[in-house]
Amino acid sequence: MNKSKKAPGWAPATLSEFDGVRFLHLDSIWVQGAMRIRKPQRLELEYVQRMMAWMLWRDSAELAQGHAIQLGLGAAAITRFCHKLLRMKTTAVEINPTVISACRAWFHLPEDDQRLSVVNADAAQWVAEAEPQQAQVLNVDLYDHEAASPVLDDEDFYAGCRALLAEGGLMTVNLFGRDASFARSAGRIARVFGSDQVWSLAPTKEGNTIVVAARGVQVPEREELERRAANIESQFKDQGLPARKWLRLVRPLPLSVIQNIEPRP
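Oh and the sequence shown: position 251 is 251 in UniProt numbering, straight run, nothing missing.
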C-alpha cells in the first residue's frame, strides 16, 4: 500500500504499510516515522522510545507537568504520547505542511485544542522568536527527506533551545551515533549546556544516538533513577518504554568529545 500527499515546494509525505505497521516517508525509502495500526499510542520505533529518556531525569510526581515541545513532527508519535497519555500542554513545530496533513489523515494526530498546538513553521525561526523558558521538555528530531543529517545543528540553534527551557527543563536530540558527525554535534550541545548537563544513550542497531541535555538539573542517586525507571515501565507498559534498559545505556559524553569543548563566549 502506498499513498502520498503533495504540496508545492515540499517533498511529499508518502505512506507505506507492512506487517501491521504504518510508515511515513518523505518521497524516499527512508522512514520518517511509524505507527502500529492497532496500537496507535505505542511508540513503535526504538529511537523514538529513547527520545522519551528525559522521563528518567524528572521526579515521578512531576513527570507529566508543564509544556512539551517537539521540533519535527515525524509520524506524531511523541506528540500523541505527550498530549494524550501524559496530558501535557503540547506544541509541535513542523516545516512541511504535507507532514501535518498526513499525520492528521493517517497517524491519529488530533486537531488542535486547548492543550495541543501544531505549528507549520521553520523550527530555527520559531525557536528564535519563542517566549523563553516556557518548556519543561523539548524533543528535537529534524532531518531532511534523505534522513542524512540534522538540518539544524549549530551552537546558535542549541542556545535557542536552551533558552526555550525553563530551569530544570530537558531536551532530547536524535543524532546518528555511528557517524563522524556525532562528536561534532554532541560537542556543540555540550558547549551550550555544559558537559555536566549532557548525556547520551548507546546507539540503536540503526545507529541513532539520543542525546539528553538539561538546564540546571541535579542527577539523582542511582537508587532513585532505578525507582523512576521501574515506575515508568509500570505506568506505560503498553506503550513500549523500556526505561530500565535506558538506564543501562545512559553514559556521560565520551572524553574525546569533552576534551575538545571550549567555553562558549
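Don't be surprised by glycine CBs; every beta carbon is placed ideally from N, CA and C. The model shown is predicted, which means the values in this text are computed figures rather than measured ones.
Hey, quick one: how far does the beta strand (DSSP E) through residue i stretch, first residue to last?
i, result
"R87", "Premise fails: R87 is in no beta strand (DSSP E) and is neither H nor E."
"S200", "198 to 201"
"S185", "Not the beta strand (DSSP E): S185 falls in the alpha helix (DSSP H), residues 181 to 193."
"L165", "165 to 176"
"V257", "V257 -> not in any beta strand (DSSP E); alpha helix (DSSP H) instead, spanning 255 to 258."
"Q239", "No beta strand (DSSP E) contains Q239, which DSSP labels as neither H nor E."
"I261", "Run containing I261: none; DSSP gives neither H nor E here."
"Q70", "67 to 71"
"V211", "208 to 214"
According to the neighbour-count rule (16 or more other Cβ atoms, all chains shown, within 10 Å of its Cβ), is residue i buried or exposed?
i, result
"I37", "exposed"
"V100", "Note on residue identity: the sequence assigns Ile, not Val, to residue 100. I100 should be labelled buried."
"E44", "buried"
"P252", "exposed"
"P254", "exposed"
"Q70", "buried"
"R184", "exposed"
"R227", "exposed"
"Q49", "buried"
"R87", "exposed"
"G72", "buried"
"A11", "buried"
"G33", "buried"
Do residue i and residue j have their CB atoms nearer than 8 Å?
i, j, result
"R42", "D196", "no"
"G216", "G168", "yes"
"V118", "A102", "no"
"N174", "D141", "yes"
"I78", "A123", "no"
"V257", "A190", "yes"
"F236", "T209", "no"
"A53", "L164", "no"
"L241", "I232", "yes"
"V31", "F23", "yes"
"A186", "V211", "yes"
"T204", "Y47", "yes"
"A68", "Q136", "yes"
"A230", "R248", "no"
"M188", "E223", "Inspection of the sequence shows that residue 188 is occupied by Arg rather than by Met. No, the pair does not count as a contact, with Cβ atoms beyond the cut-off."
"T98", "A166", "no"
"A75", "F107", "yes"
"W199", "V250", "yes"
"F176", "G207", "yes"
"L109", "T90", "no"
Got a sec, what are the start and stop residues for the alpha helix (DSSP H) residue i sits in?
i, result
"E224", "222 to 235"
"W106", "97 to 106"
"L247", "243 to 249"
"R50", "46 to 50"
"A77", "77 to 80"
Closer than 7 Å to a non-hydrogen atom of the ligand FMN - does that hold for the CB of residue i?
i, result
"E111", "The ligand FMN is not part of this structure, which contains no ligands at all."
Going along the chain, which unbroken runs of the beta strand (DSSP E) with 3 or more residues stay wholly within the stretch 118 to 161?
135 to 140
On the three-pair Cβ rule with 8 Å, is the stretch 48 to 59 touching the stretch 120 to 132?
no
Return the chain-ordered ranges of every beta strand (DSSP E) run that is complete within the stretch 18 to 64 and spans a minimum of 3 residues.
21 to 26, 31 to 36
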